[in-house]
Every structure is written in structure tokens, then in C-alpha cells.
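These notes concern the structure reproduced below.
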Amino acid sequence: MLISVSAIAASSLFALRQLRSMRRSDDMVVTIELLTRECRTTEFLQSEDYVLHELPKTPPDGGISALPAEARQHVSRVGLYYSSLGFLAVFGGLQEKMVVSLMPWRVRRAWFALEPYVMAERAVRSPTHFAFFEHLVCLVAEADLAEVHQSLRLRKIGARSAEFKRAIQPRPALASAPEVSRPRTS
Numbered sequence: 007m008l009i010s011v012s013a014i015a016a017s018s019l020f021a022l023r024q025l026r027s028m029r030r031s032d033d034m035v036v037t038i039e040l041l042t043r044e045c046r047t048t049e050f051l052q053s054e055d056y057v058l059h060e061l062p063k064t065p066p067d068g069g070i071s072a073l074p075a076e077a078r079q080h081v082s083r084v085g086l087y088y089s090s091l092g093f094l095a096v097f098g099g100l101q102e103k104m105v106v107s108l109m110p111w112r113v114r115r116a117w118f119a120l121e122p123y124v125m126a127e128r129a130v131r132s133p134t135h136f137a138f139f140e141h142l143v144c145l146v147a148e149a150d151l152a153e154v155h156q157s158l159r160l161r162k163i164g165a166r167s168a169e170f171k172r173a174i175q176p177r178p179a180l181a182s183a184p185e186v187s188r189p190r191t192s
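Going left to right, the sequence shown walks through residues 7 to 192 as the numbering used here numbers them.
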């Protein structure tokens, strides 16, 4: 009986560990998808371009909800993407170092383009609008990027650049070898 209870306990512990591992694996798939694919889609890049270059032509009065439909769509796509990254950083689904080192310039640039609209939206409708996005911006702004990269032990080419360039140069074609005559068969 003691052996049976021990076996059930061990099986239960093993199953629990497997379940946790599967959840982390699923979370990692979502994280990788978010980090590597979404921000490179044509739709996202168009929205980011709109937010950075076209949106500033529209006054922020009335907040995001008062923007024309097209502008709201672009703002939502960009803002929700960065909010998702901030959310994942807060709840441990994403290491802070990962997002801080991956796209610090893009996060800041998007926030500063959207900030007047976010603040107007907060004043009019929702005091926490894009709070996770703002959190992400704070993480990026407070991080010492050089220190983060050093802690990740990123390698640098440095003085080896010329050597690396030579290694990728096309090699000269081999001189064509003389044709070997083959005996004729009848």
C-alpha cells in the first residue's frame, strides 16, 4: 500500500511539473510570435509609419476615441502591440532584458508620438489607457542598454571586422580543368 501511495504521489508531482512546463512552452510560443512576427508584418509597419508621420498632423483633442477611424486603427495596432509586451513583462511572460534589448528605440519613438493622444484619452475617458505600454517605456528608459547587453554577453566583431569581410568575399573560380578524353564505345 505504501508503495502504491508513493507511486501515485510521484506520478502526481511529475504530471504537475509537466503541466507547468507545457504552460511555459505555450507562453513562449505566444511571446516569440509577438516579438518576432507581429512587428514585422506589413500592417504593423504601415501603422507604425502612420503613427510616427501622419498622426502628428491631427490634434490630440478628445483623445484616441475622437480620432478618425483610420487613425484609431493604426493607433490601436501600435499601442496594443506595445501594451502586450508591457503586460508580458509585468506578469513574467517575457524577460525584461529581452524586450529592453530588442527594440528600445522603437518603443520610445512610438510612445512619444502617441503620448499626447494617450494623455487626452486618459483625461476624457480612461485614466489607465495604455498603462502597460507606458510601463514598457519606463522599463526601456530606465535600463542601461550597454549594461544589459554586457550581461547578455553579446559578442562584438571589433577589430576582427576586416577578417570577417575577407571570409565572405567570393572566392576566385577554379581554373577549368582540362577535359579528360574517354575511350569511345561502339
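Note that beta-carbon positions come from the ideal geometry of N, C-alpha and C, so glycine has one too. Being a predicted model, the structure only gives us computed values, none of them experimental.
Legend entry - Complete runs of the alpha helix (DSSP H) confined to the stretch 84–138 [at least 4 residues]: Runs found: 102–108 and 110–130.
Inset, instruction - Determine the burial state of G69: buried for a count of at least 16 other Cβ atoms within 10 Å of its Cβ, exposed for fewer. - result: Residue burial is scored here from C-beta neighbours: G69 has at least 16 other C-beta atoms within 10 angstroms and is therefore classed as buried.
Legend entry - Contacts around E155, its chain only, beta-carbon distance under 8 Å, and the 5 residues preceding and following it disregarded: Here the sequence assigns His to residue 155, which means Glu is not the residue at that position. Taken in chain order, the residues that qualify are S107.
Inset, instruction - List the endpoints of the continuous alpha helix (DSSP H) containing D55. - result: Note, D55: alpha helix (DSSP H), T48 to D55.
Inset, instruction - Check whether the stretch 120–131 touches the stretch 89–109, counting contact only when three or more Cβ pairs, one atom from each stretch, lie closer than 8 Å. - result: The stretch 120–131, when compared against the stretch 89–109, does not touch it at the 8 Å Cβ threshold.
Inset, instruction - May I have the straight-line CA-CA distance separating L142 from V84, to the nearest angstrom? - result: Cα to Cα, L142 sits roughly 13 Å from V84.
Inset, instruction - On a CA-only basis, which of E140, Q101 and A129 is nearest V113? Give me that one, please. - result: When C-alpha distances from V113 are compared across E140, Q101 and A129, the shortest belongs to E140.
Legend entry - Boundaries of the alpha helix (DSSP H) in which L151 is found, first to last residue: That run of the alpha helix (DSSP H) goes L151 to S157.
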